[in-house]
Amino acid sequence: MLSVQNVSVSFGGDYLFKDISFRLGPGNRAGLVGKNGAGKSTLLHLIARETSVSEGTISQEKSVKLGFLKQDIDFELGRTVLEEAYQAFAEIKELEAQMEEINLGLTTRIDYESESYNDLIVQLNEVTQRYEIIGGYNYQGTTERILQGLGFSSSDFDKQTDTFSGGWRMRIELAKLLLQPNDILLLDEPTNHLDIESIIWLEDFLKKYKGAVVLVSHDKMFLDQVTNRTIEIVGGRIYDYNKPYSKYMILREEILTQQRAAQKNQEKQIQQTEKLIERFKAKASKATMAQSLKKKLDKIDRIELDVEDNRAMKLSFPVSKQPGKMIIEASGIRKAYGDKMVLQGVDFEITRGTKTAFVGQNGQGKSTLAKIIVDEISYEGECALGHNVMLGYFAQNQAEYLDGKLTLLETMQNAATDANRARVRDILGAFLFRGDDVEKRVNVLSGGERNRLALGKLLLQPFNVLIMDEPTNHLDIHSKNVLKEALRKFEGTLILISHDRDFLQGLSDRVLEFKDHKLKEYLGDINLYLEQKNLDSLVALELKEKIKTQKPTDQKSDYEIQKKIKSLRNRQSKIEREIADLENNIKAIDFELEINYEATIAKPNFFEEYNGKKDHLAVLMQKWEVVAEELMEIES
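Under my numbering, the first residue of the sequence shown carries the number 317, and numbering increases by one thereafter.
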């Protein structure tokens with residue numbers, strides 16, 4: 317389908333990458349990975365013919381159609397969501413215009429027996445036939461299905477595109493791309509503006525896609541779910557293996573281990589040969605042998621290790637001071653933007669040491685609630701901070717708060733206090749800004765570099781409660797892993813807003829889902845939340861199917877209803893007994909911890925078993941809720 321042969325790109329004499337080659341065929345779903353600045357987006361632009369190659373060739377079959385989702389989009393104002401999405405069907409819309417024009421011509425004619433009238437009828441049949449062949453009678457339903465899969469509701473379809481945020485407009489652009497009959501899809505960070513539900517939908521769509529896909533993404537789980545091939549750009553060259561990302565990284569490490577061992581053995585042989593040469597060349601009788609060994613040594617093909625880029629920022633979040641037990645207490649929170657209600661009657665508490673994840677579709681109020689907590693926007697209701705609470709806040713658009721005219725050093729010095737001003741250069745160095753880099757102006761930094769600078773700036777303020785809104789945007793996988801480890805070790809209270817499932821894993825003990833202006837609590841981490849959401853969906857689907865297939869006259873007998881209620885109550889009682897037993901068990905362990913902490917935690921696998929019991933309790937609580945909801949449904 318597509319061939320990249322010995323392609324090189326250079327800027328000012330320095331090569332971004334050199335002599336890279338690979339081929340794409342149907343069914344290839346390649347993840348294009350590498351650190352920020354490695355050249356991933358540049359390579360996509362080259363394949364899409366939007367940038368010229370310095371050297372080499374990129375060729376594709378004439379019949380192959382290529383679609384490219386870029387980071388920057390430009391919409392024509394005055395269109396609704398549906399009208400913009402319909403732009404994917406250029407030929408269909410053109411045929412519709414032709415059909416309308418021909419039909420209008422036919423209605424004004426009365427010369428039914430004339431040759432020109434007959435020509436119009438023939439033309440209409442041809443246009444109609446072509447319209448049907450390319451899906452003219454189905455495209456509207458398909459468009460609505462794709463838009464809904466990406467998070468739009470039917471009430472959004474007739475709204476103007478300029479009333480939506482950049483993230484939602486990017487979704488429309490993605491919908492247009494998925495609706496087109498492309499053979500190759502180039503996707504540059506397609507999950508950046510999607511929520512978890514939409515990401516899962518896109519995963520399913522791409523796994524069924526028949527063509528080839530090349531996608532740049534820093535979402536490890538998305539890569540593992542979608543791709544069957546990984547192309548990594550490191551140090552100006554590529555490594556290409558038919559493995560999804562995580563399996564590729566394991567294979568890459570195995571190859572590096574083998575290379576290190578082979579290089580070590582070769583070095584040992586070279587050293588031994590060099591010693592022999594030194595010994596023999598001192599003797600006239602052995603000079604010929606020494607010369608022979610030297611020629612043999614010169615011909616050795618030295619083993620070189622694959623290029624590795626192990627540079628990583630160093631990050632830790634120290635807690636400023638110990639706050640009180642209650643961190644945030646909110647009641648009756650209400651927030652609307654004009655006629656659009658975002659939050660209504662929201663009550664919640666955050667206690668010391670908890671790690672809470674905010675999840676839900678875009679526009680449901682996650683970022684709004686974060687801004688309310690830090691008192692950045694007005695609202696109705698009460699939101700009180702506890703004793704000694706010191707907030708650290710990383711906004712979703714944190715990089716936009718940076719002054720582009722300032723240098724990195726000036727940015728940090730302006731944010732520093734007398735107590736930490738001497739540490740500014742050390743912090744910049746820890747975030748990979750060293751030497752002359754600190755004199756760069758902010759406006760020349762990439763998105764990932766700006767995020768790193770914003771994280772460094774955050775460390776200049778004291779805090780014991782950290783609120784982070786989409787902190788991984790524009791960070792590469794390696795940097796995200798460093799950030800995740802720092803948050804995992806953070807001993808304060810954490811509120812985390814993210815759509816990155818892999819990043820969220822292990823970072824929360826509680827999930828708050830935002831939906832329909834309210835919050836719903838799920839105990840446990842993101843995995844338990846997703847499992848429970850799936851269970852809830854299955855139960856809802858089962859009830860929906862029962863209602864759909866049940867005829868109005870086909871009512872269940874009172875005996876059958878009572879039998880079902882009894883069965884559900886028995887299940888509910890059984891779960892309640894399990895919950896009570898487990899709660900007593902956990903209380904007993906907590907009592908042991910209070911009496912003799914050191915001896916208790918010294919038991920083998922103590923924390924694994926203790927946390928396992930808590931996780932199991934969370935699952936039982938969710939199961940109880942599902943049974944209770946079904947029981948309520950039947951009883952009503």
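Note that the Cβ used here is the ideal one computed from N, Cα and C, for glycine as well.
| said: Using C-beta distances below 8 Å, list every residue in its chain close to A802, excluding the 5 sequence neighbours before and after it, in chain order. | reply: L631, S632, F633.
| task | For the region 673-745, list the alpha helix (DSSP H) runs that are entirely contained and at least 4 residues long, ordered along the chain. | result | Listed in chain order, they are 682-689, 724-731.
| task | Assuming F333 and S324 form a contact by the criterion Cβ under 8 Å, report the distance between their Cβ atoms to the nearest whole angstrom. | result | Right, their Cβ atoms sit about 7 Å apart.
| field | Length-filtered (4 minimum) alpha helix (DSSP H) runs lying within the region 479-523 | value | You should have 482-495.
| request: Give the DSSP-derived three-state secondary structure of M317 in the structure shown. | output: M317: coil per DSSP, three-state reduction.
| query | Using 8 Å as the Cβ pair cut-off and three pairs as the minimum, do the region 434-453 and the region 462-477 touch? | reply | Three or more Cβ pairs closer than 8 Å define a contact, and the region 434-453 falls short of that threshold against the region 462-477.
| field | Residue from E807, F384, G465, L909 with nearest C-alpha to K637 | value | The alpha carbon of K637 has as its nearest neighbour, out of E807, F384, G465, L909, the alpha carbon of E807.
| field | Reduced DSSP category for Q476 - H, G, I as helix; E, B as strand; rest coil | value | Q476: strand per DSSP, three-state reduction.
| Do you know whose CA, among M537, L522, K756, L539, lies nearest L490's CA? | When only C-alpha atoms are compared, the closest one is L522.
| Which runs of the alpha helix (DSSP H) fall wholly inside the region 518-584 and span at least 4 residues, in chain order? | At a cut-off of 4 residues, the continuous stretches assigned as alpha helix (DSSP H) that sit fully inside the region 518-584 are 536-542.
| Would the beta-carbon of V754 fall within 7 Å of that of L724? | Yes, these two residues count as a Cβ contact at 7 Å.
| task | Report the residue from N344, I488, L776 whose alpha carbon sits nearest the alpha carbon of Q476. | result | Checked all of N344, I488, L776; the closest Cα to Q476 is I488.
| Which one or two residues does DSSP pair with I811 in a beta bridge? | Beta-bridge pairing links I811 to T672, I783.
| query | Can you tell me the Cα-Cα spacing of I260 and Y913, whole angstroms? | reply | For residue 260 there is no data in the structure shown, the boundaries of the chain being 317 and 952.
| request: With R804 as the anchor, note down where its beta strand (DSSP E) starts and where it stops. | output: Here R804 belongs to no beta strand (DSSP E); instead the alpha helix (DSSP H) covers 793-805.
| Where E949 falls: helix, strand or coil (DSSP) | It is helical.
| query | If you pair each beta-carbon of the region 455-465 with each one of the region 363-370, do three or more pairs fall below 8 Å? | reply | No: fewer than three Cβ pairs fall under 8 Å.
| query | Near S824, what residues of its chain come up, given a Cβ to Cβ distance below 7 Å and the 5 sequence neighbours on each side ignored? | reply | If you ignore the 5 residues before and after S824, its C-beta comes within less than 7 Å of the C-beta of K671, T672, A673, L812, D841, I842, all in its own chain and listed in chain order.
| field | CB of G527 within 7 Å of CB of I500, strictly | value | I500 sits close to G527, with the two beta carbons spaced by under 7 Å.
| request: Identify which residue in Q680, L382, I616 has its Cα closest to the Cα of K831. | output: Of all alpha-carbon atoms in Q680, L382, I616, the one lying nearest the alpha-carbon of K831 is that of Q680.
| said: Considering just the uninterrupted stretch of the alpha helix (DSSP H) at E399, what are its terminal residues? | reply: Start and end: 397-401.
| task | Please report how far the alpha carbon of H703 lies from the alpha carbon of M642, in whole angstroms. | result | As the crow flies, the alpha-carbon of H703 is around 8 Å from that of M642.
| In terms of alpha-carbon separation, which member of I689, Y709, E945 lies closest to A700? | The shortest C-alpha separation from A700 is found at I689.
| Neighbourhood of R737 by C-beta, 7 Å cutoff - its chain only, sequence neighbours within 5 removed | Only Q729 meet the Cβ criterion.
| request: Report buried or exposed for T424, applying the criterion of at least 16 other Cβ atoms within 10 angstroms of its Cβ. | output: Flag for T424 reads exposed.
| task | Sort out for me which residues DSSP pairs T667 with in a bridge. | result | Looking at the DSSP assignment, T667 forms a beta bridge with M642.
| query | If you draw a straight line from the alpha carbon of N508 to that of E910, how long is it in whole angstroms? | reply | N508 and E910 have their alpha carbons spaced roughly 45 Å apart.
| Going along the chain, which residues of its own chain have a beta-carbon closer than 6 Å to the beta-carbon of Q712, five neighbours each way excluded? | For Q712, the CB contacts under 6 Å within the same chain, skipping 5 residues up- and downstream, are S683, D785, E786 in chain order.
| said: Taking 7 Å as the threshold (C-beta atoms), are Q496 and E519 in contact? | reply: No.
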